[in-house]
DNA sequence: GGAAGTGGCGTTATATTATTACATACTTTC
DNA sequence: GAAAGTATGTAATAATATAACGCCACTTCC
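Protein chains in written order, with my numbering: chain L, 1 to 136; chain C, 1 to 136.
Below, the structure is given as structure tokens:
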């Protein structure tokens, strides 16, 4: 478990985090940029810089297999372990969960290998329950 | 466990697979393109099309967190389960392994959720044993 | 044999994602 | 208030990936 300080956000960081929270799902950096143009955003770097910090603070996760970003689903982004994501390829819905037992096993593997673990990516692609039961 | 047929490769597929095998580590699509220019490759699509097939055949894995590709490390790419990767951020070395117990736990989660799993990405970022013991 | 389908290939152009480089401003610290 | 650190704005560009088109080789089915 890693405790994340809950720092004061700068204006840009707050705007980016707000759009991700409001979206309720993953957004690409350029989608965020378009949403924030009316707030004065002009360039990708404004988004990427804010995202870097938000990811560092643990408030936003990067979805590697989508090249997109999503607000952490934990209330207040309180301290929690490594997250995993189930991504529905039909509706785009993303479920975040915390597979502690899986993380434990992976840590055991890294320790046996002498590998110093910095960051873990676990992403499941497939079809969510709703999309299976309600085929379009 | 999924059995992958070991199909005849086309000329382009064989060239792309050859560069990945020779490299012994991950390459980006554009790095492959540059390696294969002397073999007549001119455009990214030639690489991406071959990679798509090789990934489909299970002979090449895509590393989502690197936007790169790596030849499967299993001998002859025989049938095997979902792979995981430990990526050294210092030397770039990638270790492929097959964490069956982890996959089993993740499958249990998906079944409990009614999520139909199509593809699993597990990537560990950190520092390998050699780079820890021989700091530059 | 020929029509129709399939898959691979080559090429150009373009879309999407991310970073480099440089200048400016604000804030904290001493 | 000078120095150091952090955030910002902007333009330009790099890196990654796909769309659209036409061509050719092969099959298969009548």
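Backbone N, C-alpha and C fix where the C-beta goes; we use that ideal spot for every residue, glycine too.
**OP:** Quick one: list the residues of chain L neighbouring residue 97 (chain C), beta-carbon separation under 8 angstroms, in chain order.
**Re:** By 1-based counting over the second chain, the position of residue 97 (chain C) is 97. Below the 8 angstroms Cβ cutoff, chain L contributes 109 as neighbours of residue 97 (chain C), in chain order.
Original post:
Closer than 8 angstroms, CB to CB, is residue 65 (chain L) near chain C or not?
Top reply: As a working mapping, residue 65 (chain L) is identified with position 65 in the first chain. Taking Cβ atoms only, chain C reaches closer than 8 angstroms to residue 65 (chain L), which makes this a yes.
Subject >> Alpha-carbon spacing of residue 98 (chain L) relative to residue 13 (chain L), whole angstroms >> reply: Start at 1 with the first residue of the first chain, and residue 98 (chain L) comes out as number 98. Start at 1 with the first residue of the first chain, and residue 13 (chain L) comes out as number 13. The C-alpha of residue 98 (chain L) lies about 25 angstroms from the C-alpha of residue 13 (chain L).
Original post:
Of the choices C:90, C:102, C:118 and C:9, whose alpha-carbon is the least far from that of residue 134 (chain C)?
Top reply: The residue labelled residue 134 (chain C) in the question sits at position 134 within the second chain. Nearest C-alpha to residue 134 (chain C): C:90.
Original post:
Quick one: what's residue 96 (chain C) bridged to in DSSP?
Top reply: Your numbering for residue 96 (chain C) matches position 96 in the second chain. Residue 96 (chain C) has C:85 as its beta-bridge partners, per DSSP.
Original post:
So with Cβ pairs under 8 angstroms, would you call residue 128 (chain C) a contact of chain L?
Top reply: Within the second chain, numbered from 1, the residue matching residue 128 (chain C) stands at position 128. Residue-level contact by beta carbon holds for residue 128 (chain C) and chain L, with a gap shorter than 8 angstroms.
Original post:
Taking 8 angstroms as the CB-CB cut-off, is residue 89 (chain C) touching chain L?
Top reply: In the second chain, residue 89 (chain C) corresponds to position 89, counting from 1. With 8 angstroms as the cut-off, residue 89 (chain C) counts as an interface residue toward chain L.
Subject >> Residue ranges of each alpha helix (DSSP H) within the segment 4-33 of chain C, 4 or longer >> reply: Entirely contained in the segment 4-33 of chain C, the alpha helix (DSSP H) runs reaching 4 residues are, in chain order, 11-23.
Original post:
Taking C-beta to C-beta, are residue 85 (chain C) and residue 113 (chain C) nearer than 8 angstroms?
Top reply: For the purposes of this step, residue 85 (chain C) is taken as the residue at position 85 of the second chain. For the purposes of this step, residue 113 (chain C) is taken as the residue at position 113 of the second chain. Cβ distance not < 8 angstroms, so residue 85 (chain C) and residue 113 (chain C) don't count as in contact.
**OP:** Quick one: list the residues of chain L neighbouring residue 101 (chain C), beta-carbon separation under 7 angstroms, in chain order.
**Re:** Within the second chain, numbered from 1, the residue matching residue 101 (chain C) stands at position 101. Under the 7 angstroms cutoff, chain L gives 105.
Subject >> As assigned by DSSP and simplified to three states, the class of residue 123 (chain C) >> reply: Here residue 123 (chain C) corresponds to residue number 123 of the second chain, with the count starting at 1. It is a strand residue.
Original post:
When you compare each of C:96, C:100 and C:105 to residue 100 (chain L) by their alpha carbons, which one comes out closest?
Top reply: For the purposes of this step, residue 100 (chain L) is taken as residue 100 along the first chain, with counting starting at 1. Ranking C:96, C:100 and C:105 by Cα distance to residue 100 (chain L) puts C:105 first.
Original post:
Roughly how far, in whole angstroms, is the beta-carbon of residue 29 (chain L) from the beta-carbon of residue 57 (chain L), given that I think they are within contact range, below 8 angstroms?
Top reply: As a position in the first chain, residue 29 (chain L) is number 29, starting the count at 1. As a position in the first chain, residue 57 (chain L) is number 57, starting the count at 1. Their Cβ separation, rounded to whole angstroms, is 17 angstroms, which puts residue 29 (chain L) and residue 57 (chain L) out of contact at 8 angstroms.
Original post:
When the Cα of residue 24 (chain L) is compared with those of L:92, L:53 and L:109, which residue comes out closest?
Top reply: For the purposes of this step, residue 24 (chain L) is taken as the residue at position 24 of the first chain. When only C-alpha atoms are compared, the closest one is L:92.
Original post:
If you check the beta carbons only, do residue 55 (chain L) and residue 26 (chain L) fall under 8 angstroms apart?
Top reply: Taking the first residue of the first chain as position 1, residue 55 (chain L) is located at position 55. Taking the first residue of the first chain as position 1, residue 26 (chain L) is located at position 26. No; because the gap between Cβ atoms is not below 8 angstroms, this pair is not in contact.
Subject >> C-alpha gap between residue 50 (chain L) and residue 16 (chain L), whole angstroms >> reply: The residue labelled residue 50 (chain L) in the question sits at position 50 within the first chain. The residue labelled residue 16 (chain L) in the question sits at position 16 within the first chain. Taking C-alpha positions only, residue 50 (chain L) is separated from residue 16 (chain L) by approximately 7 angstroms.
Subject >> residue 62 (chain L): first and last residue of the uninterrupted beta strand (DSSP E) it sits in >> reply: Within the first chain, the letter at position 62 stands for residue 62 (chain L). Residue 62 (chain L): member of the beta strand (DSSP E) spanning 60-63, first to last residue.
Original post:
At what residues does the beta strand (DSSP E) containing residue 68 (chain L) begin and finish?
Top reply: Position 68 of the first chain, counted from the first residue, corresponds to residue 68 (chain L). Run containing residue 68 (chain L): 68-71, per the beta strand (DSSP E) assignment.
**OP:** Could you tell me whether any Cβ in chain L is nearer than 8 angstroms to the Cβ of residue 25 (chain C)?
**Re:** For the purposes of this step, residue 25 (chain C) is identified with residue 25 of the second chain, where counting begins at 1. Closer than 8 angstroms: no.
**OP:** Give a yes or no on whether the minimum CB-CB distance between residue 49 (chain C) and chain L is below 8 angstroms.
**Re:** Position 49 of the second chain, counted from the first residue, corresponds to residue 49 (chain C). Taking Cβ atoms only, chain L never reaches closer than 8 angstroms to residue 49 (chain C), which makes this a no.
Original post:
Taking the Cβ atom as the reference point for each residue, do residue 132 (chain L) and residue 116 (chain C) lie within a distance shorter than 8 angstroms?
Top reply: Against the first chain, residue 132 (chain L) aligns to sequence position 132. Against the second chain, residue 116 (chain C) aligns to sequence position 116. One thing to note: residue 132 (chain L) has its Cβ within 8 angstroms of the Cβ of residue 116 (chain C).
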